[in-house]
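If you read the sequences in order, they're chains A and B. Position 59 (the first sequence) corresponds to 58 in numbering that gives the first Met the number 0; numbering is contiguous. Position 1 (the second sequence) corresponds to 0 in numbering that gives the first Met the number 0; numbering is contiguous. Idealized CB from N, CA, C, for every residue including glycine. Please read the structure below before turning to the comments.
Protein chains: 2
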Amino acid sequence: MAEKNISMAVIRRLPKYHRYLGDLLDKEVHRISSKELSDIIGFTASQIRQDLNNFGGFGQQGYGYNVEALHNEIGNILGLNKIYNAVLVGAGNLGQAIANYAGFRKAGFEIKALFDANPRMIGLKIRDFEVLDSENLESFVKENNIDIAILCIPKNGAQDVVDRLINAGIKGIWNFAPVDLEVPKGVIVENVNLTESLFTLSYLMKENE
Amino acid sequence: MAEKNISMAVIRRLPKYHRYLGDLLDKEVHRISSKELSDIIGFTASQIRQDLNNFGGFGQQGYGYNVEALHNEIGNILGLNKIYNAVLVGAGNLGQAIANYAGFRKAGFEIKALFDANPRMIGLKIRDFEVLDSENLESFVKENNIDIAILCIPKNGAQDVVDRLINAGIKGIWNFAPVDLEVPKGVIVENVNLTESLFTLSYLMKENE
DNA sequence: TAGATTGTTAATCGATTAACAATC
DNA sequence: TAGATTGTTAATCGATTAACAATC
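Here it is as structure tokens:
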């Protein structure tokens, strides 16, 4: 929609702006210049102004930015005001932790059900949810207007589950499985790859010795 | 140490090379050209050759790369052969999931203890570990030669814990707390920020409508 | 008004891609 | 040897930074 091509580099800075502006609001700071924001967030003032101007002129010359207004603007740009329905697939350790993760509400995602393929998990109560049988994934997704799936399953079989989910109409995947999923255009995948993160840490530790 | 300045962009591709080469090994593919690797991994052949040549000439003209040798080389570059001792701080949902995460061994990290500040958690058995009192963090880190800390605690108080850990001699942090930690030079921080990831997904979903 | 700070254009820097000589 | 494919230099592209006129 709308905006000209925004680069991924810019997009991944937006949540950080949002967080720092939220912190400023908590501290009852009402006004901030790109220079001041630069000092606390660590990006150059120039980059901050460039980034923001991709989406509109939110500042005022000689004054800076209104913290609350900018916080709201970025929230809207991030789509935090929109509500998406989600299912979580894979109710193991990580899946349960994610299901309990409080950040969903803030991001406008609402978990509607937990699924697992393991008969020993099915029927268990986790938070407010009974774990459902993965067999019923497609019908549930179709009947409940599910927009995204949170994938907390092992890499083997992940692509199969994804194919089924996409077939059922899902439009986004928050993927914790350590594999690069193949999806058609129009389906968004956001990866959280713990192994890649850990390997990066390992590299940096080694270089730091 | 050693290598000339390797950019973060390159470093973050290394785990991916390692993973794809591991997959090829499993499929008993013994030899691969940058062009073939490009087809499966999605980077350009040119980029693959540039990336690898930052660390040495691992290929052979007219032949390509030996999969097993390259897999090992990249493993060594990533420091997967080195062993680091770790403590996990914050034994809540996420902390427990991470403690159970199998990837540590592969990356050469060994969890030595779990800590929590909540009296109700202290003493609990999780996996092979009894949850210890955060009060004793410094002494444990000093006495057990701990190299890294895995931080699974809320953002408030995270910086305090980090200061104490650094004081006790820790050299790296795998940080799941949604806050940018301040650390002196010589201490590595690798962030896994679920909120930022989720907000990014939210943005992309919205733009995709 | 004078001072401050934005929005935006131009310059710089760094990362990716293309090209090709070297060589297995 | 001829063909294939690397290693590496040069060209391009994109992102960041600097500069400054516009303007509050």
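Residues near residue i in its chain [Cβ-Cβ closer than 6 angstroms; skip 5 each side]
i        : result
Ile187/B : Gly171
Leu123/B : Val130
Glu72/B  : Phe57
Asn4/B   : none
Asp25/B  : none
Proximity of residue i and residue j at Cβ, strictly below 8 angstroms
i        : j        : result
Ala176/B : Leu164/B : no
Ile39/B  : Tyr62/B  : no
Leu193/A : Tyr100/B : yes
Leu113/A : Gly91/A  : no
Tyr16/A  : Ile10/B  : no
Leu13/A  : Phe198/B : yes
Met204/B : Gly78/A  : yes
Asn207/B : Gly156/A : no
His29/B  : Asn65/B  : yes
Same chain, Cβ closer than 8 angstroms to residue i, five either side skipped, listed in chain order
i        : result
Val182/B : Val161, Ile165, Ile172, Val188
Gly21/A  : His70
Leu136/A : Val86, Val88, Phe114, Val160, Arg163, Leu164, Ala167
Ile145/B : Asn84, Ala85, Val86, Lys111, Phe139, Ala167, Gly168, Ile169
Val191/A : Trp173, Asn174, Phe175
Lys121/A : Note on residue identity: the sequence assigns Ile, not Lys, to residue 121/A. Only Asp115, Val130, Leu131, Asp132 meet the Cβ criterion.
Gly74/A  : His17, Asn80
Lys105/A : Leu79
Lys141/B : Ala167, Gly168
Separation of residue j from residue i, as counted between CA atoms
i        : j        : result
Leu200/B : Gly107/A : 11 angstroms
Gly211/A : Glu67/B  : Any property of residue 211/A remains undetermined from this structure, which presents chain A solely from 0 to 208.
Ile76/A  : Ser32/B  : 42 angstroms
Glu35/A  : Gln158/B : 22 angstroms
Val178/B : Ser196/A : 17 angstroms
Leu51/A  : Glu27/A  : 22 angstroms
Asn49/B  : Gln49/A  : Going by the sequence as given, residue 49/B is Gln instead of Asn. Answer to the nearest angstrom: the Cα atoms are 31 angstroms apart.
Asn117/B : Gly102/A : 21 angstroms
Glu134/A : Arg119/A : 14 angstroms
Phe128/A : Lys154/B : 27 angstroms
Leu23/B  : Leu150/A : 24 angstroms
Neighbourhood of residue i by C-beta distance below 7 angstroms, restricted to the same chain and skipping five residues each side
i        : result
Ser37/A  : Thr43, Ala44, Ile47
Gln60/A  : none
Leu143/A : Reading off the sequence shown, one finds Asn at residue 143/A, where the question assumed Leu. Cβ within range, chain order: Asn84, Lys111.
Ile152/A : Val88, Gly89, Val160, Ala176
Ile125/B : Ala90, Gln95, Ala98, Leu113
Ile82/B  : Gly107, Glu109
Length-filtered (4 minimum) alpha helix (DSSP H) runs lying within the region 14-40 of chain A: 33-40
query: Can you list, in chain order, the residues of the region 183-197 of chain B whose Cβ is nearer than 9 angstroms to any Cβ on chain A?
result: Listed in sequence order: Gly185, Val186, Ile187, Val188, Glu189, Asn190, Val191, Asn192, Leu193, Thr194, Glu195, Ser196, Leu197.
query: Of all the beta strand (DSSP E) runs that stay within the bounds of the region 109-145 of chain A, which reach a length of 3 or more residues?
result: 128-132
- request: Give, in chain order, every unbroken run of the beta strand (DSSP E) that is at least 3 residues long and sits entirely within the region 53-120 of chain A.
  value: Listed in chain order, the complete beta strand (DSSP E) runs (minimum 3 residues) inside the region 53-120 of chain A are 63-65, 83-88, 108-115.
In chain order, each beta strand (DSSP E) run of at least 3 residues that lies wholly inside the region 160-191 of chain B: With a minimum length of 3 residues, the unbroken runs of beta strand (DSSP E) contained wholly in the region 160-191 of chain B fall at 171-174, 187-190.
field: Short-range partners of chain A found in the region 8-34 of chain B, where Cβ spacing is below 8 angstroms
entry: Ile10, Arg11, Leu13, Pro14, Lys15, His17, Arg18
message: Please list, in chain order, the residues of the region 92-115 of chain B that have any C-beta partner in chain A closer than 9 angstroms.
response: The residues in question are Asn92, Leu93, Gly94, Gln95, Ala96, Ile97, Ala98, Asn99, Tyr100, Gly102, Phe103, Lys105, Ala106, Gly107, Phe108.
query: If you measure beta-carbon to beta-carbon, which residues of the region 126-157 of chain A are closer than 8 angstroms to chain B?
result: Those residues of the region 126-157 of chain A placed with their C-beta closer than 8 angstroms to a C-beta in chain B are Asp146, Ile147, ordered along the chain.
task: Anything in the region 51-82 of chain B with a Cβ closer than 8 angstroms to a Cβ of chain A? List those residues in chain order, please.
output: Ile76, Leu77, Gly78, Leu79, Lys81
- prompt: In chain order, what residues of the region 160-178 of chain A put their CB closer than 9 angstroms to some CB of chain B?
  reply: Lys170, Gly171, Ile172, Trp173, Pro177, Val178
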